[in-house]
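Residue numbers (my numbering): 47 to 108.
Shown next as structure tokens:
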């Protein structure tokens, strides 16, 4: 069975940290693909902030 898991930056966690923890628990041959996206948003005070999203496509044996 093919599954996907999405990791998105939040105020408390980084997508890269959470996805790396998840990937470390998978066997190498279970990982099909990893997609990364970064979005930049201008805040009302003029500063820019980045939010990352990571999608892991993997297979599980059921």
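Beta carbons: idealized from backbone N, C-alpha and C, even for Gly.
Since the model is a prediction, treat every value here as computed from it, not as a measurement.
Backbone secondary structure at residue i - three-state DSSP
i, result
"residue 108", "coil"
"residue 101", "strand"
"residue 79", "strand"
Counted within 10 angstroms of its Cβ, other Cβ atoms place residue i as buried (16 or more) or exposed
i, result
"residue 90", "exposed"
"residue 86", "exposed"
"residue 65", "buried"
"residue 70", "exposed"
"residue 55", "buried"
Own chain partners of residue i with C-beta closer than 7 Å, once the 5 adjacent residues on each side are dropped
i, result
"residue 126", "The structure shown does not extend to residue 126, since the chain is modelled only from 47 through 108, so no value can be given for it."
N-terminal and C-terminal residue of the alpha helix (DSSP H) that residue i is part of
i, result
"residue 63", "61–70"
Own chain residues within Cβ distance below 8 Å of residue i, not counting five before or after
i, result
"residue 50", "101, 102, 103 and 104"
Host beta strand (DSSP E) of residue i (start-end)
i, result
"residue 49", "48–54"
Inter-residue CB distance, residue i and residue j (contact presumed, cutoff 8 Å)
i, j, result
"residue 61", "residue 68", "Rounded, the Cβ-Cβ distance is 10 Å, inconsistent with contact."
6 Å Cβ shell around residue i - same chain, five flanking residues per side excluded
i, result
"residue 40", "What the structure shows of the chain is the stretch from 47 to 108, and residue 40 is not part of that stretch, so it cannot be assessed."
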